[in-house]
Each structure stands twice: as C-alpha cells, then as structure tokens.
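What follows is a set of notes on a single structure, which appears directly below.
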Amino acid sequence: MLSAFVAAVAFQAAIVAYIPLQASRIRTTGEEVLLPLMPNDPYDLLAGYSMTLRYEASDLDRFRQTGFRRGDELFVRLRKAPDGLYDAVSASPAMPILESDEVVLKGRVDRFRNAEFGIETFYFPEDVREEINDEAVRALGSPTDTEAERTRARKQAYAEVRVDDRGRASLTGIFLNGKAYRY
Amino acid sequence: MNIGSGGIDPPREASPKFIESLNREVKDWVRQGFIDADQASRIKAYYRSGGPQLSPSAMAMRLIMVLGGLMIGIGVISFVAYNWQYFTFATKAILLNLTILAVYAVGIHLFLGQRYQQLGHALIFVGCILFGADLGLMSQGTNTGTGASHGYGVWAAGVFAVALATQSLPIAALSSFAATVWAFQGVQEPAGTLPELRFLLPALAFLAFGAAHRSKPLAAFAAVSFGGGLGWHLVRPFPDHWPLAVISVAFLYLVVAFASLRTRFGATVAEPLAGIGATALVVGSYVSTFHTVWEGKPPLAVQNDSPSPYVAYLLLVVAALAALLMADRRRLLEWLRTPALWIVVAGAGILKLATLLHSFVADTVLLTTLANLGAIAFGAALVVDSIQRERRESFWAGSLFLGGLVLARLFEYESGLHIKALAFIACGVALLVAGTLFERSLNKKEDHHVPSVHA
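Protein chains in written order, with this note's numbering: chain A, 1 to 183; chain B, 184 to 638.
In structure tokens, the structure reads:
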C-alpha cells in the first residue's frame, strides 16, 4: 500500500507542477502581446480578489466568419497596430498562416458566443482591490460608450499576455490608466 | 459446525461495526428460518466489543492532546491567513506544498501503523482537500482561468488515485464530489470532442471501485453519473424531451438491475440501480404529465423524429422480459404479493389517467391533483415497503420524497408565506413523529425476534 500511496502522491505532485510549468514555459518562450480590454458588466467586474477581463478579440460578431457554435475551438488572428496594441483580424476553426507581425490566440466559444482564451481572470491581493476597482471603472468606461470614447479608452486599458507558437496564452499583467499591475 | 452444541470458545473481541452488522444479519437469518432464536442469541453472545478500555486519566490526556493540537493548528493557520496576502506566490506555493507533504507523511505513517489509524485516515483526507486548494493556488498565481478547463476533473483524478492506493471510501466520495462539479461544468460549457466523457469516465471508475468495495453509495453515484451522461446525450439535440430521456434511462437502469442480480456484483449494484431507475421513472413520468396537462404537448408521442419514446417503450418491454426470465419464481411471487408494488402500479395508473383525460377534461386543477396523487403514491409505496420489510432505507427515502414533493409544490404554486410556514412545520412534525414511531416499532421487533443473552 505504501508504494501505491507514494505513486498517487507523485501523480498529484506532477499535476500541481504542470500548471505553473506550463505557464512558465509560455511566459518564457512566448511573444509579448498587448490586448485592448473592453468594458465589462460593472457588477461582474470584481469577484472577490479577481477581475473578469473581456477583450476586443473575444467579440466574434466583428468577424465575417460565422457558424461557430458553443464549445467550438477557434483561432483568432491578431495583427500589431501602430499604437503597439494587437487587433483581432479574423477567426478560423484551424490554425491560420501568419504574417511576420501577427500572432494567433487559441480559444473556445463560450455560451454567450464570445471567444474564451483562458486569460479572462486576473487575480490580485486584497489591499489593491479598491484601487484596481477605481482605475478599472475610469479606464474601461461602460458598454454604452460611443466609438470615440472607446477609441480613447483603448490606450487606457489593456492586458499584457504571452502567447506561444501554438496560440496558448498566459496573462502576466494589466495596465490601467498608465499603471501596471503584475502579480 | 453445530452452533448449538457445547464446548464453545470464550467470546471473541470484535469491532462495534462488525457487531452491528452481525446483529442485522442474524435477525435476517432468523426471519429466513436458517437458525432459531436460541442459536441467534448464542451467535451474538460469541462476539463482544473489543479494544482496550482507557483509564479516565489516559482519556483525559488524549483529550488534552487533541484540544491542544487543535488550538496550535488554528493558531498557525490564523497567523498564515493574516499574513497570506503579503507572501509572494513562490512563498505561498512552498508553504502549501510542504504542508501537504507533511500531512500526507504523518497520515500514511499513522494509517499503516497499529494505532491511530482513523487519525491517519483523516489526515490523508485533509491532504486531498489541500491538494484541491493547491490547484486553485497554482491557477491564481498564473492567472489561469477555470471556465471550460478541467480543474475539478484533475482534482477528482488526483484524489481518486489516493483513494485507490488507500482503498478508502470517504476519499473516493470526495473524488466523486469533484467529478460531479466537473461534469456539470461540462454541461454549462461543453468543450472538447465528447463532453459526455465527463460523466462516463467517473461512472466507470466509481462503478469498479464501488463494486469491489461492495459500496452501494458509490455504485449509486456511478449509476447516476452514467445515466446523467447518457441522458444529456439524448437531450442535447431535443431539449424539450428531457422527461422522455429520463424515462428511457430509467428503464435501462431497471434492466441492468435485473441482469446484475445473477452476477457477483448483484448485491451491491442491483438495489441502487433499481432505486434510481424507479425514482427516475417516477420523476420523468410526473414531469411528462405536466408537459401534457399544462403545455399541451402530446404524451410520449413521436415529436420531431425523436427516438426517445421508442427507446423508452423498447426498454420497458425488455425490462419486463428480463424480470420474468431472471427472477426466480419464489422471489417473483413474493414481489407480486408486495402491497408496495401495487401502490406503485396504481400511482402509475393515476399519472397515465391524468394524461389520457387531458383530451376530454379542461379542468387542469383536477388533472394536476391527479398527477400529484400519482407521485405521492410512489412515496407512500416506499414507506409501506419499509414497514413490511423493516427497512430503514426505504422509510427515509419515502418520507423525504413525500416531504420534498409537498414543499416543491408549494414553492411552484403561488402560495403565501404563511402557507409555506405551516407546510414546513407540518412536514417537520410529521417526519419526527413518523420517524420516532417507526424506529420504536423496529426496536420492538428486534427485541422480540432475537432476545439478548448476557454472557
């Protein structure tokens, strides 16, 4: 029984180690990508010590590619804009061929028909909760903002993400009103 | 061995759990006529509760150690919790993982030793919970969201590995809880090529584990998990037909329950499967009746080429044939003479009547009342069965079903808060009174059947 128990604990240790190793590999070898954030429902903005993020690249309605169903895997092609942020160009069910200034994000379609990349939750310590809440409200605006207001807000709120060559992403921090938050 | 003869060895020590189990079995043997009351009392007298009796001072010392250890533990946890936010991710990870390793090391050492096995078992259980917390910490530290990911599935797999290694049912139950959350996450956010695997994989794992350990709760969980996956697979293309999918799966359970009676696992899986199948059949039929009465959907008819009704009828026929072929005549006749069975049949008839009358009677209140009576009949059948066969499981299942049905109806219909309050009080009083009377009646019968003989 002892050897079986040791094997089981080793299995658990391997699982625990895999998560940070996977993230660490992406952060080490992946390309840095800055993704503009979109306004979110203010009541869902902060859930405890985490923040739900929504990206421009998550909005599938902007793409001509339709027919994605809930649960489908998809690849969103991103192209670097002159301001240094990355814009979503297209979404496809298979890995696309990329140009030199492009990266791809791998994700799934959620129940609201948005793309989910696994980088939608940002955790932070308790003592900065109020500060992040205030900065996020100022930077992100609201879903009813005009296009001009969103263009202005684009440089105020974005996420720093590392993306590897298979489209897997790891969230490393967020920027709100020029302040960096990395934990 | 002639139990009634002289020259019996002195009483043997046995655990309280064994003695409780033996008392139950001996009572059944007397009822079946294998042994008489005198032989039963001799068998019971042959075993006595073992374990060394602790002196008062030793008990006091043990209590002081436990309380002291608890206070120290709470103090350490409080200190860590207060300063937790100031620790870096690496510090948190090291602290938590070292704690888990220490808990596991002490736990397995005690578990494999001669004494404090229960404590060792509890520590390993705590370690499995901390493993789940560790996964959460790793996700937080790397900003890895949950969503359609497999966090709970991974937790379930890791805990199941420990359950297998230690052959522990409580740890397997913890794994089943995590697997259940993982499965329902899959329903909310279906991802991957076959999301039904979230139901089917745990079902297979826990069925094997439950059967090997003769654990009816785990076998029941595996059955529910399998049925959930199958039912969801049937329902996904035709969401409106979920009652029919439930009925189809219910008949499948009944068929498998009958078939399993002739296998070595029959004693473990047959009862949970039959119980879940019967309950699912009642729930599916009940809701299907309401769909007919209130929403005007044709009962159990073919809609949009759904195969569910045909599957349901086919499995009904197969279940009936299997029952006739596999049950021996004596047991079959015994079942046919059971009042509970005929109450269930009557309840099913009332439900069907409500459905059939829909075309002729416009009074939906009357039809709804009939449907509720049909469901009540099922709960009543369980209670009657429990009295006849002196089975606590049936009594509590039936009582809780009846109470739950009454309260569920109150919350669905527009009833004032005072009615709800009265209903809660009435159900609570009824449960207490009925439960007390039932237990007293059981205890009286136990004393009457097997008179105790003090050594």
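Just so it is clear, CB atoms sit at the ideal spot from N, CA and C, and this is done for glycine as well.
Asked                                                                                                                                                                                                 : Found
If distances are taken between C-alpha atoms only, which option among B:D219, B:K275, B:L293 comes closest to L2 (chain A)?                                                                           : B:L293
Roughly how many whole angstroms lie between the Cα atoms of I218 (chain B) and F621 (chain B)?                                                                                                       : 26 Å
Smallest Cα separation from V527 (chain B): which of B:I277, B:L590, B:T472, B:T462?                                                                                                                  : B:T462
Does chain B have any CB closer than 7 Å to the CB of F5 (chain A)?                                                                                                                                   : yes
Within 7 Å of any Cβ in chain B, is that where the Cβ of A23 (chain A) sits?                                                                                                                          : yes
Can you find a CB in chain B that lies within less than 7 Å of the CB of F75 (chain A)?                                                                                                               : no
What distance in whole Å lies between the Cβ atoms of E160 (chain A) and L53 (chain A), which are believed to be in contact at a cut-off of 8 Å?                                                      : Actually they are not in contact, since the Cβ atoms of L53 (chain A) and E160 (chain A) sit about 11 Å apart, beyond 8 Å.
In the structure shown, what three-state DSSP assignment does R195 (chain B) receive?                                                                                                                 : strand
Let me make sure I understand the geometry here. Which of B:T349, B:K227, B:Q350, B:L279 has the alpha-carbon closest to that of G324 (chain B)?                                                      : B:L279
Is the CB-CB distance between I533 (chain B) and L550 (chain B) below 7 Å?                                                                                                                            : no
Quick one: measure Cβ to Cβ for R79 (chain A) and D101 (chain A), integer angstroms, because I've assumed they're closer than 8 Å.                                                                    : 6 Å
Check whether the stretch 158 to 173 of chain A and the stretch 302 to 321 of chain B are in contact - that is, three or more C-beta pairs closer than 8 Å.                                           : no
Please go through the same chain and pick out, in chain order, the residues whose beta-carbon is closer than 6 Å to the beta-carbon of S408 (chain B), but skip the five residues on each side of it. : F382, P385, A386
Report the residue from B:A197, B:A405, B:V418 whose alpha carbon sits nearest the alpha carbon of A453 (chain B).                                                                                    : B:A405
Quick check: what's the CA-CA separation for R207 (chain B) versus R574 (chain B)?                                                                                                                    : 11 Å
Among the residues of its own chain, which have a CB less than 7 Å from the CB of Y299 (chain B), if the five just before and after it don't count?                                                   : L293
Using a Cβ cut-off of 7 Å (strictly closer), state whether V9 (chain A) contacts chain B.                                                                                                             : yes
Please report the residue range of the alpha helix (DSSP H) in which Y183 (chain A) lies.                                                                                                             : Looking at the DSSP string, Y183 (chain A) is not in any alpha helix (DSSP H), and its letter there is neither H nor E.
CB-CB under 6 Å to E116 (chain A), same chain, minus the five flanking residues each way: which ones, in chain order?                                                                                 : G107, R108, D110
Check the Cβ of S351 (chain B) against every Cβ in chain A and list those closer than 8 Å, keeping chain order.                                                                                       : Chain A residues near S351 (chain B): none, gap ~10 Å exceeds 8 Å.
Would you say V345 (chain B) lies against chain A (beta-carbon separation less than 7 Å)?                                                                                                             : yes
Straight-line CA distance for T552 (chain B) to Y469 (chain B)?                                                                                                                                       : 12 Å
For the stretch 281 to 309 of chain B, list every residue whose C-beta sits within 7 Å of some C-beta in chain A, in sequence order.                                                                  : Y287, I291, L295
Checking contacts by CB at 7 Å: is A523 (chain B) closer than that to chain A?                                                                                                                        : no
Counting contacts by CB-CB distance shorter than 7 Å, is I174 (chain A) in contact with chain B?                                                                                                      : no
Going along chain A in order, which residues have a C-beta closer than 7 Å to the C-beta of G341 (chain B)?                                                                                           : F11, Q12, I15
Kindly list, in the order they appear in chain A, the residues whose Cβ is closer than 7 Å to that of L614 (chain B).                                                                                 : The premise fails here: L614 (chain B) is roughly 38 Å from chain A at the closest Cβ pair, so nothing lies under 7 Å.
Please report the distance separating the alpha-carbon of R168 (chain A) from that of F122 (chain A).                                                                                                 : 16 Å
Can you tell me the Cβ-Cβ gap for A139 (chain A) and N177 (chain A), rounded? I've got them flagged as a contact below 8 Å.                                                                           : 5 Å
Provide the residue(s) that pair with L34 (chain A) in DSSP beta bridges, ordered along the chain.                                                                                                    : A:E160
For the stretch 550 to 565 of chain B, which residues have a beta carbon sitting closer than 8 Å to at least one beta carbon of chain A?                                                              : none
Helix, strand or coil for I97 (chain A), going by three-state DSSP, please let me know.                                                                                                               : coil
Nearest to F75 (chain A) by CA position, among A:D83, A:L60, A:L85, A:Q12, is which residue?                                                                                                          : A:L60
Anything in chain A within Cβ reach of F314 (chain B), meaning under 8 Å, just list it in chain order.                                                                                                : Q12, V16
Using a beta-carbon distance below 7 Å, is A348 (chain B) in contact with chain A?                                                                                                                    : yes
Just to confirm the assignment, what range does the beta strand (DSSP E) spanning V128 (chain A) have?                                                                                                : First-last for V128 (chain A): undefined, no H or E at that position.
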